[in-house]
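Here's the structure, in structure tokens; my notes come after.
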Amino acid sequence: MIGRRVKYGMVALSVLAAATSAQAGGNDVGRPWMNARLGSDARAELLLTRMTQAEKLTLVTGFYGVDLTAKHWTAPPEARQGQAGVVPGIPRLGIPPQWESDAGVGVATQSSAKVAFERTALPSGLATTATWNPELAFQGGAMVGAEARASGMNVQLAGGVDLIREPRNGRNFEYAGEDPLLAGTMAGAQIAGIQSNHIVSTVKHYAYNDQETGRTVLDVHIDEAAGRMSDLLAFEIAIEKADPGSVMCSYNRVEGVHSCENDHLLNQVLKGDWAWKGYVMSDWEGTHSTAAAALAGLDQEDGVSTPDTAWFTNGKLDAAIKAGQVPQARLDDMVHHILRTLFAKGVIDHPVAPGPIDYAAHAAVTRADETQAIVLLKNTGGALPLGDRPLRIAVIGGHADVGVLAGGGSAQVHPRGGTAVPGVQPTTWPGPVIYDPSSPLQALKARLPKARIAYADGRDPAAAASLAAHSDVVLVFATQWTAESQDFPLTLPERQDALISAVAAANPRTVVVLETGGPVFTPWRGRVAGVVEAWYPGTAGGEAIADVLTGRADASGRLPVSFPDSLDQLPRPRLDGEGLPENAPFDVTYAEGAAVGYKWYDQKGLSPAFAFGEGQSYTHFTYGGLKLTQRGGDLAVSFTVANTGPREGYAIPQVYVGAASGAWEAPRRLGGFRKLKLRPGESRRVTLTVDPRLLSLWDTAAHGWRRGAGAYQVWLGASSRDLKASAKLRLDARSLPASYHPAG
Ligand code: BGC
């Protein structure tokens with residue numbers, strides 16, 4: 083194992099030579115590390131030679147960014163009000179503070195802050211994933227990064243990529259679904275977009291932070307191979323697509339060891355096998371030791387909010403070094419990881435400064451994202467799209483008259499002008515509950531001038547049913563608020579199922595528009611004409627919803643997560659830790675291994691309510707010409723998609739792959755996808771290369787990927803359950819090292 087361990091203490095030798103040459107070049111005399119022609123590692127080494135021990139120790143602790151009077155805590159003076167955290171800078175050397183804010187859907191404000199940043203919110207991370215459009219994810223990230231710069235933030239706590247193993251997880255809205263390829267691709271694109279602004283983004287929460295119940299005390303158990311082929315693969319793909327400057331380790335334990343002091347996860351897999359060069363930051367107060375954490379690969383303790391819960395500052399890491407528990411070379415290595423990242427991402431060369439924000443341009447970005455995120459799950463009798471006809475339309479519930487719901491917790495973005503629905507409980511952590519002031523009702527009225535549109539808030543089901551009975555079409559907006567630090571039942575709250583049933587009984591031409599964090603139960607789906615999943619729609623959500631409902635835009639999202647029909651379909655029907663006293667440790671055993679989401683349903687032969695990849699367009703597509711070839715050892719899949727319907731629309735052909743033998747965790751894995759915009763009558767030939775890891779098993783003993791020889795099956799589908807064509811190709815055996823990254 084020695085060969086795979088991360089080595090420290092190798093950085094010093096070239097320092098003097100580099101310093102001499104930088105100075106000889108006459109660059110920034112006295113600050114040779116400011117010579118941008120030097121590599122990031124060389125610049126970091128130059129800086130390290132000038133730093134005192136106290137300065138080095140300064141860079142490895144981040145402090146909570148908000149004054150917590152209850153804890154007698156004063157944030158450092160560099161902190162920007164409302165931000166998540168700050169690592170003090172070193173002005174003497176020109177090292178700026180690291181100003182950190184959450185950024186899953188936009189520049190967030192901490193719940194305990196007295197003043198909020200009012201910023202643009204993207205739709206939820208899960209919504210962005212539902213676009214299956216990495217370009218939109220990149221643009222959304224670029225928008226968030228631009229607002230971060232203008233807010234004076236240079237480190238963004240974004241890039242949630244924990245797989246959805248637990249549909250009740252209160253943070254599913256921040257994540258990117260249940261499939262490692264889709265999640266890694268979409269989160270990676272968002273991270274790359276953020277970092278295109280010369281700032282750092284994280285990917286988080288590494289690893290297996292898949293439920294909020296007991297998140298700081300639970301211990302995840304998973305077979306090593308299963309982890310490499312599921313959750314870890316999602317991180318690996320996101321990291322190779324985006325090279326995030328930082329990885330945030332998670333609160334939970336994995337195989338008995340907290341993630342932030344987990345040598346296997348941090349040193350061996352992340353920094354060793356994947357050769358990632360950034361710095362590991364802990365989740366807020368997610369550090370649990372000094373020497374163990376430092377030696378396991380944690381580079382920065384973050385979110386420190388009281389001196390007594392800190393492990394690196396307050397003299398502790400210094401003392402551990404003096405006592406010989408942590409080599410000095412390891413502190414230098416921690417600082418090197420941080421500094422080389424600040425150089426590599428442009429944080430030092432392009433200092434951030436608060437400035438103006440182009441909110442109108444950013445509203446267009448979030449609107450485009452949400453428009454393509456909306457998933458049309460059911461549409462019978464041509465209920466949608468709503469043409470501009472003299473229809474009587476009832477809009478019911480969900481505060482659709484004023485806004486759209488957002489998710490809660492540290493990712494909470496405050497809209498300009500404040501929430502559209504003040505006072506909704508909880509108003510404190512993990513609240514406040516916020517509705518972005520973008521009204522679907524008003525947007526529908528603007529688009530449908532011939533229609534008569536009436537609104538009922540839905541609190542009185544009888545009144546809502548009566549309005550429905552006197553309408554031609556009914557749109558029921560059903561909401562489920564979810565948030566960090568809690569998990570949530572899959573049943574819609576506040577008796578909304580009963581409201582939907584009453585309305586549908588009065589008028590079967592009822593379309594349910596869901597604004598939820600993730601999957602929910604839909605027991606009424608057989609009794610309504612339409613089901614639309616709009617997720618948490620973001621700043622311009624009402625406009626986007628109206629664009630899709632009226633057909634101004636095609637319905638072009640597809641589910642990135644399965645919707646279960648009942649709890650007994652889940653690998654863990656009972657949520658682990660539920661009902662236990664707070665802080666009582668417990669185990670979560672992932673017996674499903676790598677069979678997450680649709681893979682589990684397929685393996686068990688279960689029918690979910692709605693399947694992974696599912697979603698309709700307003701036009702029709704045919705899929706054909708499936709052809710498989712082997713190119714340089716890789717599997718290339720070619721096919722043709724044609725728009726045979728009446729209007730322009732988006733197809734999302736999905737390629738699924740199956741093992742030559744029955745050894746995989748499931749019959750099928752997503753092997754590739756493409757989002758195609760096609761005019762009526764247009765067809766497109768597409769060729770995708772399947773990442774060879776998706777055709778392999780992780781071999782723990784051999785420490786690498788192994789593809790067995792044999793005939794592999796490939797399906798071309800419109801969803802994981804709507805498979806249109808299949809073909810087989812014999813592939814040779816192939817071995818790939820743990821460090822394998824696909825080209826490009
Ligand atoms: C969350 C992180 C977040 C941090 C700072 C923690 O509670 O788990 O995702 O980045 O707080 O707000």
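Under our numbering, residue 826 is the last one in the sequence shown; the count climbs by one each step, no gaps. We put the CB at the ideal spot given by N, CA and C, even for glycine. Being a predicted model, the structure only gives us computed values, none of them experimental.
Beta-carbon within less than 6 Å of residue i's beta-carbon, same chain only, minus the 5 sequence neighbours each way: which residues are those?
i, result
"Leu141", "Val417, Ile420"
"Glu764", "Asn725"
"Ile516", "Ala488, Thr501"
"Ala212", "Ala455, Val457, Gly639, Pro642"
"Gly463", "Ala611"
"Gln651", "Leu688"
Give me the Cα-Cα distance between residue i and residue j, rounded to the nearest whole angstrom.
i, j, result
"Asn254", "Asn291", "11 Å"
"Phe317", "Leu760", "32 Å"
"Asp149", "Ala195", "8 Å"
"Ala724", "Thr561", "36 Å"
"Gly107", "Arg119", "Only weak support exists for where Gly107 lies, its pLDDT of 40 falling under 50; the value from the coordinates is given anyway. Whole-angstrom Cα-Cα distance: 10 Å."
"Ala332", "Gly296", "Per the sequence shown, residue 332 should be read as Ser rather than Ala. So the two alpha carbons sit approximately 12 Å from each other."
"Arg767", "Pro216", "20 Å"
"Val831", "Trp563", "This structure leaves residue 831 out entirely; the chain is present only between 83 and 826."
"Ala551", "Ala588", "5 Å"
"Thr102", "Gly171", "Because Thr102 sits at a pLDDT of 36, beneath the cut-off of 50, its placement in the model cannot be relied upon, and the following sentence gives the value as read from the coordinates. So the alpha carbons of these two residues sit roughly 26 Å apart."
"Arg541", "Val594", "16 Å"
"Gly753", "Ala791", "18 Å"
"Val477", "Leu424", "50 Å"
"Ala375", "Leu459", "46 Å"
"Ser553", "Ile475", "6 Å"
"Val845", "Thr598", "Shown here, the chain extends from 83 to 826; a query on residue 845 therefore has no answer."
"Thr722", "Thr771", "15 Å"
"Arg113", "Gln407", "33 Å"
"Val558", "Gln578", "10 Å"
How about residue i and residue j: are their beta carbons less than 8 Å apart?
i, j, result
"Arg750", "Ser802", "yes"
"Gly695", "Arg640", "yes"
"Val286", "Gly242", "Residue identity differs from the one stated: residue 286 is Lys in this sequence, not Val. A contact, by the Cβ cut-off of 8 Å."
"Asp38", "Phe668", "Since the first residue of the chain shown is 83 and the last is 826, residue 38 is not available in this structure."
"Gly627", "Pro467", "Rather than Gly, the amino acid found at residue 627 in this sequence is Ile. Result no, Cβ atoms of Ile627 and Pro467 do not sit closer than 8 Å."
"Gly270", "Asp301", "no"
"Glu229", "Ile439", "yes"
"Phe645", "Pro690", "yes"
"Gln494", "Ser193", "yes"
"Ala584", "Ala528", "no"
"Leu348", "Leu380", "yes"
"Asp261", "Gly679", "yes"
"Asn461", "Gly612", "yes"
"Asp305", "Gly675", "yes"
"Ala480", "Leu581", "Position check: residue 480 holds Gly in this sequence, whereas Ala was assumed. It is not a contact, given that the beta carbons lie outside the stated cut-off."
"Gly252", "Ala565", "yes"
"Thr388", "Trp155", "yes"
"Thr632", "Leu530", "yes"
"Phe145", "Pro158", "yes"
"Ala203", "Pro497", "yes"
"Arg775", "Leu813", "no"
"Gln272", "Gly327", "no"
"Gly491", "Pro512", "yes"
What does DSSP give as the partner residue(s) for residue i in the beta ladder?
i, result
"Gly612", "Asn461, Val593"
"Cys342", "DSSP lists no partner for Cys342."
"Gly731", "Leu760"
"Asn396", "None, per the DSSP bridge assignment."
If I measure Cβ to Cβ from residue i and keep anything under 7 Å in the same chain, skipping five residues before and after, which residues do I get?
i, result
"Ala586", "Thr592, Trp606, Arg609, Val610"
"Lys806", "Tyr705, Leu798, Gly799, Ala800"
"Asp313", "Asp244, Leu245, Ala289, Tyr290"
"Ala274", "Phe220, Gly223, Lys323, Ala324"
"Leu129", "Trp115, Leu175, Leu421"
"Met268", "Thr210, Thr211, Pro216, Ala219, Ala258"
"Val503", "His481, Val484, Gly485, Tyr517"
Whose C-beta lies closer than 8 Å to the C-beta of residue i among residues of the same chain, with five residues either side of it excluded?
i, result
"Ser821", "Asp355, Trp356, Ala357"
"Asp636", "Val630, Ser699, Tyr700, Thr701, Arg729, Glu730, Gly731, Tyr732"
Under a CB-based cut-off of 8 Å, is residue i close to chain C?
i, result
"Met330", "Going by chain labels, chain C is absent from the structure shown, which holds only one protein chain."
Does the pairing of the region 177-190 with the region 227-245 give three or more beta-carbon distances under 8 Å?
Between the region 177-190 and the region 227-245 there are three or more inter-stretch CB-CB distances shorter than 8 Å, so the stretches are counted as touching.
Any contact between the region 422-438 and the region 274-281? By contact I mean 3 or more CB pairs, one from each, below 8 Å.
At 8 Å Cβ cutoff, the stretches touch.
When the Cβ atoms of the region 614-631 are set against those of the region 476-494, are three or more pairs found closer than 8 Å?
They touch, by the three-pair rule.
Cβ contact check for the region 382-390 and the region 361-373: 3 or more pairs under 8 Å
In short, these stretches touch, since the Cβ pair count reaches three.
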